[in-house]
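**Q** Residue numbers (full-length UniProt numbering): 1 to 263.
First the structure, which I've put down as structure tokens, then a few questions once you've had a look.
And the structure:
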């Protein structure tokens, strides 16, 4: 059994960033850019191992932890951004309109996840993405109106979900339970990010968002930082979904071209 996790102004701009663009917080864009860089590093190594170019154990040891840290950062930041967008919407959107707004945003990300499912099914067959990080983030955004009412309590709720999911690693079940974290005894996916425990990570991020950005405003002092290359990292963070969608085809194309040249 292998449950690999994250072995992975345009319309796409900032779609993984769930707060509106009226006031972007540089630190969030920067951290999301760091997550993008971590993802690029891991997926490059994964592809090198997949094509037999390098003998790298990307499914265990340090690189396994690196992949988990990358997914955690992505998902927590998605949750962190939800209270910010909510604070900027709640005065003009309530009830059904709020559900429709989050449903539309989350549905678009989930749809891109379905495209990833189809693409990996066609390209690699066994191990294709069933419920990956885009499916998870899309679902979390769709469900956001349920949890936003709990404010900071989402820290405890999310931690409870994450802890309650720990025994599921030893539980098997039918294929239709895969999104919940329960799967057949023989199961493998190159990008598996089920609701348990990862919805809990998103909720922890949501609770942190209420704590750190009450009313959609930063409550802590952050000195200006202009490190070399930081603006590039922020730009990557603001375009995270676009980079996510194009990076794997680009890496694979370059690797195949390089392999063709050397052979």
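Even for Gly, the Cβ is constructed at its ideal location relative to N, Cα and C.
#1: So what does residue 263 bridge to, in DSSP terms?
#2: With residue 83 as the anchor, note down where its alpha helix (DSSP H) starts and where it stops.
#3: Given this structure, state the Cα-to-Cα distance separating residue 233 from residue 26, to the nearest angstrom.
#4: What do you get for residue 160, buried or exposed, if any count of 16 or more other CB atoms within 10 angstroms of its CB means buried?
#5: Kindly indicate which residue of 136, 115, 54 has the alpha-carbon position closest to the one of residue 128.
#6: To the nearest angstrom, how far is it from the Cα of residue 165 to the Cα of residue 241?
#7: Keeping to the same chain, check which residues put their C-beta closer than 8 Å to that of residue 173; ignore five residues upstream and five downstream.
#8: Leaving out the 5 sequence neighbours to the left and right, which residues in its chain are closer than 6 Å to residue 130 when beta-carbon positions are compared?
#9: To which residues does DSSP link residue 172 through a beta bridge?
#10: Output the distance between the C-alpha atoms of residue 34 and residue 138, rounded to the nearest integer angstrom.
#11: Rounded to whole angstroms, what's the CA-CA distance from residue 71 to residue 78? Just pull it up for me.
#12: Taking only runs of the alpha helix (DSSP H) that begin and end inside the segment 95-170, which ones reach a length of at least 4 residues, in chain order?
**A** Taking the geometry as given:
#1: Residue 263 is not bridged to any residue.
#2: 61-89
#3: 10 Å
#4: exposed
#5: 115
#6: 27 Å
#7: 182, 183, 184
#8: 178, 189
#9: 183
#10: 21 Å
#11: 11 Å
#12: 95-123, 133-147, 154-164
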